[in-house]
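Everything on this sheet refers to the single structure shown next.
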Amino acid sequence: MQPDYVYRFPILLLFSCFSMGVGKGWRYGLFFLVILLTACTDVWNNPYPEADSGKNILYNAFVERPKHLDPVQSYSSNEITFTAQIYQPPLQYHYLKRPFTLIPQTALSMPVVRYYNANDEQLPANAASAEIHYSVYEISIKPGILYQPHPAFAKDVQANLLYHALTVQDTQSVYKLSDFEHSGTRELVAADYIYQIKRLAHPRLHSPIYGLMADYLVGLRELADTLRKVDRQMPADDFLDLREFSLSGVELVDDYTYRIRIKGKYPQFMYWLAMPFFAPVPWEVDRFFSQSGLAERNLTLDWYPVGTGPYMLTQNDPNRIMVLERNPNFAGEFYPYEGMPEDEERGLLRDAGRPLPLIDKVVFSRERESIPRWNKFLQGYYDASGIGSDSFDQAVQITGQGEAIVTDDMAAQGIRLETAVAPSTYYMGFNMLDPIVGGRTQQERASARKLRQAISIAVDYEEYISIFANGRGIPAQGPIPPGIEGYREGLAGLNPTVYEWREDRPQRKSIELARALLAEAGYPRGVDRKTGKPLVLYFDVTARSADDKSILDWMRKQFRKLNIQLVVRSTDYNRFQDKIRKGNAQIFEWGWNADYPDPENFLFLLYGPQRKVGNNGENAANYDNAEYNQLFEQMKNMEPGPQRARIIDRMVAILREDAPWLWGFHPLDFALYHAWYENVKPNRLGYNNIKYWRIDPVLREQKRREWNEPVLWPIGTAFAVLGIFLAPAWFAYRRRELSQSLSGRAT
Amino acid sequence: MLNYIIRRILYAIPILIGVNLITFALFFVVNTPDDMARMHLGTKHVTDEAILKWKQDRGYDKPLLYNPVAQGRQKLTDTIFFEKSLAMFAFDFGRADDGRDIAHEIKTRMWPSLAIALPVFFLGLLAYITFALVMVFFRATYVDFWGVVICVAMMSISSLFYIIGGQFLISKLWHLVPVSGYGGGLDAGRFLVLPIIVGVISSAGANTRWYRTIFLEEMNKEYVRTARSKGLPESLVLFRHVLKNAMIPILTGVVVVIPLLFLGGLIIESFFGIPGLGSYTIDAIHSQDFAVVRAMVFLGSLLYIIGLVMTDISYTLVDPRVRLE
């Protein structure tokens, strides 16, 4: 590293020389500029305040501004990134254990589930689903948990809430929460969880899971009806105090215990208890934000979350920056002692037993474009980064064994790659209500199945992943992704309709076999045997950018292998959704990210009663198979075990045979981390991970200085070049002016 | 002149209603209220009941332009158009779909937009006019020739290239300023240097050529010959006589854009992470937030009309022969 003066001295000299030839004003200006430049710190391009250098702060980027931070409304992954650090539902996923395992968060222990029949008699844990009339989840929370400091809890000396009767004058000078002079806290109680469950039915809120939960949670629909009626009779902005309304499906046992009653048996409910929808919301906060004058200043619970979690949102300017800071009242949670066998070797247990969180502050900067985001990561101003397709080759190389590793340049910077299979699936669906790919009569359906099977073989997803996803994906053998019960490795997990097991790995069946299936379907060499016309199929996609043209061309090429003409019908997302809802699409692309790690969350996507057409469910292919439906109903209420596994295997086998989807692929997440970023274990289902992460701010500061030393010669060169260009012009000007005055000649 | 200005302001009202109507029609041809609800509620577990509730809460459950079941005047007033669009004439922009107050957002975001747009505008004007005058001064020499070649070359390059190139050279390679971002108060300065440089350079080609053409046209006029015949130096002829007389065409193109500077730049704001009104509009279009789109279109139309009136007034200031009657 060269000392600064090596650069600064010539610049200073150059400027001084240049200044000699220019006017006095310019000379002072340039002198001032040089002083300014030389007075700056060693690093000029640091986008963060100098005072934050070397502090225990994590720097991240976000692309889309969150729409909702209210736990009853927030559902997108870009929102849960924030809410999961602030709100604490009773359960959470173990950070290190795989498959994903639920553990208590604020709960003292895992909830106790009891089953009852229609006569309110308790049933044994292994009772048949049909006998179970309702299930009761009893949850006890840890005492002594405190909320983050907030003005909603502030009290005066008489213990009255200070800011619960604000007048217009009081709110006139308030623009942010820190404008309130006082703040307070209080202990978390079970009633706060009940209050939040009632909020699912709040008529002024739009909980995305209300419809789903109303089918399961006893009394939720009735509460929603009651609240709607009451709300209609109230002035629009008045506080609707949910404590005054009862919800028959929830019961407060004592300060720290509550019970939830669920219709029938719904084992997946346990997973919902790990989502912010079931996090506590104190009535004081709801009451505080409902006061007139605050919403006008954008002070709402939807914008300023209040929780018991390790972090609190201290700055919310989603156009530019969002800041999470350590909640001073958070205590009692420690880094896990145990994980998977490889975690020890990877250093993931080095902080075992340390109190959480390990980072003091997290700064999220809004960065819409990928190029500046990537550049700032390389400069050390973002601690982690995803990999866009344009920077993939710069970042990652694939070894001869097919393993993805970082390139030498990245390795030299100490950057490392973490990969993980996402619990997601991207598929291509056939609309089973379509006469050609779905069929209407028994005979048509048999023929359509062969057509779908032929297409399933022809569309080479291995090639797709290699070309368009830079190898970031696993060809799917069925709807269930790795890491979820029901997914099987190797030969046991082979889709025999599309693949055969050769050389110890699944290999796509030959195109000749696909052509034979096509002929059996009634389209020999891609020509309709009945009409003699070529087979034309329609692929409905959402409007694509010019970059995606190659993907669509590739898809056409796959169908051409069977002599099928594929017509791409591109439309905007709204129209596309409309087509799917009305069943007007023929072939379409879609994807699904798991809500929770249970096969039910994937298999329900092909459950008949979940059809899009008519039922507005999530089954976009409108697949409806009686045996599959019956097995699904049986499987969804079962606990994991061999019997359930057998049913899942049978369901997957039915799907593979019927091929209502081209199973597509399960994406692989690639992310890059700097050397100072520790304790990272990708986890796409548990979002409250920031508390486990650790950074080394000293190393980061050192690297930032090393990588971002200002290069000053271009400034001098620019002035020099300008001078070189201007000098002849200046002399020409002088000459011309002089000659004009001497000769008095006008031109 | 006062009468003229009042008349122009009154003319603006039907124009603004027309713009509103067209925006409304275009928006709702592409997006139905159901689409907006779905976009807002997400793709998972969205029920018809939730969509209806979303629309009811925001008043999107009413007919678009005409309510056949309403009585009397309400046939026109109890509609989405009347309730959502006409309130803007009282500068009541309402709330965005995410519940945020649009007027507050506009007030907050116009400052970052102005922080870039104003320096780019004034520095650019100064630079383009100076370069154009230099080219005119050296007309028919190698300076003029290469000046025009460089201008044409600069015109032919997309502004995106200047942004990415500027970020690559100045921020990534030479580490002189942050790649992107924005700071409050004086700290904003270091984030603004690069976007301002890029903003000025990216428009330099077209503008310099345009001003050069205007000045060249003036150079052939008789008053220029008279000035020269008096023995005035060429620099005085250019800066004192030609520049003043070329002000009318310059003002025609320049004054009208001054009010629009509030609205910021779409691409520059996006690439440099500037939280201005340009990026606000883009976000609203992406998220199908009609409330914000209509507010920004209304504001744009209004500012454009103000710009036109200002242009007319500015004519009277630079040319005493112009009278606004």
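These protein sequence lines map, in sequence, to chains A and B.
Each residue of the first sequence is one higher than the last, beginning at 1 in UniProt numbering.
Each residue of the second sequence is one higher than the last, beginning at 1 in UniProt numbering.
Positions of the beta carbon are idealized from the N, C-alpha and C atoms, including for glycine.
Note that this is a predicted model, so its numbers are computed, not measured.
- Non-local beta-carbon contacts of L123/A in its own chain, meaning distances under 7 Å to residues more than five positions away in sequence, involve Y115, Y116, N117, E131, I132 in chain order.
- Around the beta carbon of L517/A, a 10 Å sphere encloses 16 or more other beta carbons of the protein chains shown; the residue is thus reported as buried.
- Residue state for Y87/A is assigned as coil, using DSSP reduced to three classes.
- Residues K198, A201, F245, L247 of the same chain have their beta carbon placed closer than 7 Å to that of L223/A, with the five preceding and five following residues left out of the count.
- Within chain A, the residues placing a beta-carbon under 7 Å from that of I164/B are I371, ordered along the chain.
- Annotation for L417/A: V396, A404, I405, V406, F670, L672 place their beta carbon closer than 7 Å to its own, counting only its chain and skipping 5 residues before and after.
- Within 9 Å of the CB of G219/A, no CB atom of chain B is found; the nearest one sits about 17 Å away.
- A distance below 7 Å between beta-carbons, with the five flanking residues on each side excluded, links Y461/A to the following residues of its chain, in chain order: P475, G664, F665.
- Going by C-alpha positions, I9/B is about 8 Å away from I306/B.
- With its beta carbon at least 8 Å from every one in chain B, G388/A lies outside the interface.
- From the listed residues L299/B, E217/B, L303/B, the smallest Cα separation to V256/B is found for L303/B.
- Positions of the alpha helix (DSSP H) runs, each at least 4 residues long and wholly inside the stretch 527 to 564 of chain A, are given as 549 to 560 in order along the chain.
- Linking V230/A to K53/B through their CA atoms gives a straight-line distance of about 16 Å.
- Neighbours of D283/B in chain A, taken as residues at a C-beta separation under 8 Å, are given in chain order as R65.
- In terms of Cβ geometry, I465/A and F602/A do not form a close pair [threshold 8 Å].
- Residues G526, L535, L537 of the same chain have their beta carbon placed closer than 7 Å to that of I564/A, with the five preceding and five following residues left out of the count.
- Neighbours of D35/B in chain A, taken as residues whose beta carbon is under 7 Å from its own, are N574 in chain order.
- Taking a 10 Å sphere around the C-beta of R445/A, we find fewer than 16 other C-beta atoms and assign the residue as exposed.
- Under DSSP, R139/B shares a beta bridge with no residue.
- For E633/A, there are no CB contacts under 6 Å within the same chain when 5 residues up- and downstream are skipped.
- The three-state secondary structure of M155/B, taken from DSSP, is helix.
- From the beta-carbon of I209/A, the residues of chain B found nearer than 9 Å are K44, H45.
- Ranked by Cα distance from D238/A, the options P328/A, L188/A, S292/A, L685/A are led by S292/A.
- Here K230/B is exposed, its C-beta having fewer than 16 other C-beta atoms within 10 Å.
- When Cβ-Cβ separations below 8 Å define contact, N637/A makes no contact with chain B.
- As the crow flies, the alpha-carbon of R440/A is around 52 Å from that of I86/A.
- In this structure the stretch 164 to 184 of chain A lies against the stretch 292 to 301 of chain A, because at least three pairs of beta carbons, one per stretch, are closer than 8 Å.
- Taking the beta carbon of W54/B as reference, the chain A residues within 9 Å of it are H206, listed in sequence order.
- A check of alpha carbon separations from R735/A across R38/B, I6/B, V297/B, P233/B identifies P233/B as the nearest.
- A Cβ-Cβ separation of about 12 Å leaves W592/A out of contact with A621/A under the 8 Å criterion.
- Here the stretch 506 to 525 of chain A makes contact with the stretch 551 to 562 of chain A; the two share three or more CB pairs at distances below 8 Å.
- Annotation: Cβ neighbours of E737/A in chain B (cutoff 8 Å, chain order): P233, E234, S235.
- When CB distances to chain B are screened at a threshold of 7 Å, not a single residue of the stretch 253 to 273 of chain A falls below it.
- Ranked by how close their Cα comes to the Cα of I250/B, the residues F215/B, G181/B, G147/B have F215/B in first place.
- Using a 10 angstroms sphere on the CB of L261/B, the tally of other CB atoms reaches 16 or more, which defines it as buried.
- Using a 10 angstroms sphere on the CB of L358/A, the tally of other CB atoms reaches 16 or more, which defines it as buried.
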